[in-house]
Amino acid sequence: MTEARELGWDTLDVILVSGDAYVDHPSFGTALIGRYLEAHGFKVGIIPQPDWKNPQSIAVLGRPNLFFCVSAGNIDSLVNNYTADKKPRRTDMYSPDNEAGHRPDRASIVYTSLLKQVYKNVPVVLGGVEASLRRFVHYDYWDDKPRRSLLLDSKADLLLYGMSEKATLCIAEHLRAGNQWADLPQPPNSTQAHKTLAAVPADRLVLPAAETALQDKKIFAEHFASYFREGRKKKPRVIVEPYPDRFLVTTPPDNLTGREVDALFFLPFARAPHPRYQAQKIPCYDFVRFSTITHRGCFGGCAFCAISQHQGRQIISRTEESILQELREIISPDKDFQGTVFDLGGPTANMYGMSCRSSQECLKNSCLYPKICPHLQATHARQKALLSRARKLPGIKKILLNSGIRYDLALLDPEYLGLLFTHHVGGQLSLAPEHICENVLAVMGKPSYHLYVKFLNKFLAFNREHHVQQYIVPYFISAHPGCTLSDALQLALYLHEHHLRLEQAQNFTPTPMTAATTMYYTGLDPFTKKPIHVPKGEERAFQKALLQPHLPKNYRQVAKALKLLQREDLLKTLTQA
């Protein structure tokens, strides 16, 4: 409370508990919510990474006047703590000195339990990615079974999903006005338990009963497809998830506008880790320190990605003036800034400024697959204008787009490609073709491999013409639903033929609320209900090994895989050092 007392605060209105180390920067959800509430007159405190083995560690700031907010951090705690092979991670880029072990598994549940032990009558609100993507019945890869909503397992009073600044403020203002928690009108972006549906709008989506979805894989797939498609709508309805003794009601989102997002970046962030860490480094801070966010949302609709389930698929773009002002007045003057902006982007950098021109409802999973929707205003005009002006700012030498681009969109604009290759590649350009087999890409919802080849050829032609050495670093996923062992071999042969040796191999990780995770658990495509091949057990290890067959540690797995495929003739070719 020392800092609070220096501000003249004897008590705090809202206390945020986070699984991350505290970095006071707009790229971190806890800092963002804290500063947003503070800007609206609330006294806010933050408890980063409390010792979950000691209940008193959660009491260091005392009892809040209004409520607690709990977040597992910027990443789901189990994704953060374990690899795709369920092995404990040795590092944690959101913790001091990259040290693992500072956050518990299922942090949302653990922190809420601690708070309920110490402060029995103070409301606890869940937020962050972990809560957001576990708001409905979901499959948990680490338990290898479906689980009910995190709201119920945590025993929190309310769950907020997505970008929930407005919802958090709504709660705080209601309680500050002297109203009781029991009288709180359910805010947007929230999931709450109701005993009856009397106060719920009649125009609502009622999901299959949670207990049935937990027991029947076909119903689970239907359950997922129902809420997924509702979330595609421009004006989604309230969603009801029935349980035996209550109903979980999820309200539609109410996101900030572009100009409201602009304002967030000029709140009085220190833009640095908290002084408590002294010489300790928080690795993720090094990347975001000289980067900025241009927009929220993603309309790509990749089957393995949950961004649209969290941020939405509508692109909410900041204004050019706001982004340029941040670069000019905050990032560039930093004494340690050496001229390189590491990222000017969002979930996908080149979706900035894009929107749908149709006012009609659309239930397509993706605006880009199987082909780019004719209603999409797929123009790079705003991003080109932004980058052009940003490059001219004093002190700016290089601007990178490390959040990645969609090459299918980029191919629509030859001028954009030229600007990208000329100014925004830092020696290497990361792309995510994910696979080369069309049947696998179709399941993923990714563009055709031929578009990747087309982009690659243009990139190589540019390098030859301008006598520059730049490289594309491709990312591929192994063991994705729909990918057979034969498909994995085709990818291995492609990598060998093109002399590509991957530094990292990534097995598909089934994370909550993605279509691919539903496929992994049920063995069904949730939208067509057709069976789909799902690599599990030893086959996952085989597919991962085939991404890096040259490594001695993978020799036995590669040999086994080739024997199964009756292609032992390829063993020497693929495994030669």
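All the letters of the sequence shown, read from the start, carry residue numbers 1 to 577 under full-length UniProt numbering.
Beta carbons: idealized from backbone N, C-alpha and C, even for Gly.
- With the rule of 3 Cβ pairs closer than 8 Å, the segment 82-90 does not count as touching the segment 33-51.
- Excluding the 5 residues flanking it on each side, Leu16 has same chain C-beta neighbours closer than 6 Å at Thr30, Gly34, Ile46 and Cys69, in chain order.
- DSSP places Glu503 in the coil class of the three-state scheme, outside both helix and strand.
- For Gln180, no beta strand (DSSP E) encloses it, and the DSSP letter there is neither H nor E.
- Looking at the backbone, the Cα of Ser366 and that of Asn457 are separated by about 26 Å.
- Contact holds between the segment 145-158 and the segment 121-132, because three or more Cβ pairs, one in each stretch, are under 8 Å apart.
- When the beta-carbon positions are compared, Phe228 and Met444 stay at least 8 Å from each other.
- Nearest C-alpha to Ala385 among Gly73, Asn554, Glu6 and Glu321: Glu321.
- Distance from Leu485 to Gln543 at the Cβ level is roughly 7 Å; contact confirmed, criterion being Cβ atoms closer than 8 Å.
- Per DSSP, reduced to three states, the secondary structure at Val122 is coil, with no helix or strand assignment.
- Check the Cα spacing between Gly162 and each of Pro253, Leu152 and Thr212: the tightest is with Pro253.
- Taking a contact as a CB-CB distance under 8 Å, the pair Leu12 and Lys43 counts as one, their CB atoms being some 5 Å apart.
- Gly345: member of the beta strand (DSSP E) spanning Asp343 to Gly345, first to last residue.
- The beta carbon of Pro104 sits closer than 6 Å to the beta carbons of Trp52 and Val110 from its chain, once the five residues preceding and following it are set aside; these are given in chain order.
- Per the Cβ contact rule, the segment 90-98 is in contact with the segment 266-285 (3 or more Cβ pairs under 8 Å).
- Minimum Cα-Cα distance from Glu434 among the listed residues Tyr452, Ser18, Gln428 and Arg556 corresponds to Tyr452.
- Pro370 and Leu115 have their C-alpha atoms some 47 Å from each other.
- Annotation for Gly45: no alpha helix (DSSP H) segment contains it, though the beta strand (DSSP E) segment containing it runs Val44 to Pro48.
- Annotated three-state conformation of Ser149 is coil, per DSSP.
- Contact between Leu401 and Leu327 does not hold, since the beta-carbon distance rounds to 14 Å and is not under 8 Å.
- Beta-bridge partners assigned by DSSP to Thr250: Thr191 and Ile239.
- As the crow flies, the alpha-carbon of Arg259 is around 8 Å from that of Ser317.
- Looking at Val558, Thr528 and Lys529, the one whose alpha-carbon comes closest to that of Glu538 is Val558.
- For Thr212, the enclosing alpha helix (DSSP H) stretches over residues Ala210 to Gln215.
- Here Gly301 is buried, its C-beta having at least 16 other C-beta atoms within 10 Å.
- The beta-bridge partner set that DSSP reports for Ile293 consists of Gly345.
- Minimum Cα-Cα distance from Arg106 among the listed residues Pro96, Gly346 and Arg147 corresponds to Arg147.
- The shortest C-alpha to C-alpha distance from Phe287 to any of Pro26, Glu568, Leu574 and Gly19 is the one to Pro26.
- Runs of the beta strand (DSSP E) spanning 3 or more residues and lying entirely within the segment 87-141 occur at 124-127 and 138-140, in chain order.
- Taking all protein chains shown into account, Cys362 has fewer than 16 neighbouring C-beta atoms within 10 Å of its C-beta and is therefore exposed.
- With contacts defined as CB atoms closer than 8 Å, Glu568 and Leu562 qualify as a contacting pair.
- When rounded, the separation of the alpha-carbon atoms in Phe266 and Glu165 is 15 Å.
- Judged by DSSP in its simplified three-state form, Ala488 adopts helix.
- Rounded to the nearest angstrom, the Cβ distance from Leu546 to Ala488 is 5 Å, consistent with a contact under 8 Å.
- Ala131 places its beta carbon less than 8 Å from that of Leu150.
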